[in-house]
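S.K.:
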Amino acid sequence: LGIGPGICGHTLLNTLLKYLSPLVVTTTMLCEPIIGSIIGHFFGLQPIPGIYTWIGGSILMGGIVLVVVGENNAESQTEELDAKRYNVEKIDNQKFYGAMKEQSLI
Numbered sequence: 011l012g013i014g015p016g017i018c019g020h021t022l023l024n025t026l027l028k029y030l031s032p033l034v035v036t037t038t039m040l041c042e043p044i045i046g047s048i049i050g051h052f053f054g055l056q057p058i059p060g061i062y063t064w065i066g067g068s069i070l071m072g073g074i075v076l077v078v079v080g081e082n083n084a085e086s087q088t089e090e091l092d093a094k095r096y097n098v099e100k101i102d103n104q105k106f107y108g109a110m111k112e113q114s115l116i
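Under this note's numbering, the sequence shown has 71 at position 61, and the numbering climbs by one with no breaks.
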């Protein structure tokens, strides 16, 4: 039982790091005890979580939502600031390579 979930879980986390920020991935890992207790209840291995678990879980989920939203806002603001700071515009590849060929640079 430990080999399957352990290998699959860690592989999934490592794969998610390609697509999400490490802050988001590690913060959402905090949901593991809450989700585990709910799964345990549905399989009849554990009683329904108590009121403190629901209160703590709600606070935790709210915090995770704030982290994810804040991370997305920070990324978009960083991209905008970089574009303004370096006066970066989107480059049309065909025009760029056409100009390079005209100048015999490629």
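Glycine included, C-beta positions come from ideal geometry on N, C-alpha and C.
Keep in mind it's a predicted model, so treat the numbers as computed, not measured.
Relative to the C-alpha of M39, which residue among G19, F52, G50 and I58 is closest?
M.R.: Per the Cα distances, G19.
S.K.: For my contact list, V78 and V35 are in at a C-beta cut-off of 8 Å; report their separation, rounded to the angstrom.
M.R.: Not quite, the Cβ-Cβ distance comes to about 10 Å (not below 8 Å), so this is no contact.
S.K.: Helix, strand or coil: how does DSSP classify L30 here?
M.R.: Residue state, collapsed to three classes: coil.
S.K.: Grab me the residues of L27's own chain with a C-beta within less than 8 Å of its C-beta, minus the 5 sequence neighbours each way, in chain order.
M.R.: So the list reads V35, once near-sequence residues are dropped.
S.K.: Output the distance between the C-alpha atoms of L55 and N83, rounded to the nearest integer angstrom.
M.R.: Using only the alpha carbons, I get a separation of about 41 Å.
S.K.: In the DSSP assignment, the alpha helix (DSSP H) including F52 goes from what residue to what residue?
M.R.: Note, F52: alpha helix (DSSP H), E42 to F52.
S.K.: Among the candidates K111, G46, L76 and Y29, whose CA atom is the shortest distance from the CA of P59?
M.R.: Residue G46 is the option with its Cα nearest to P59.
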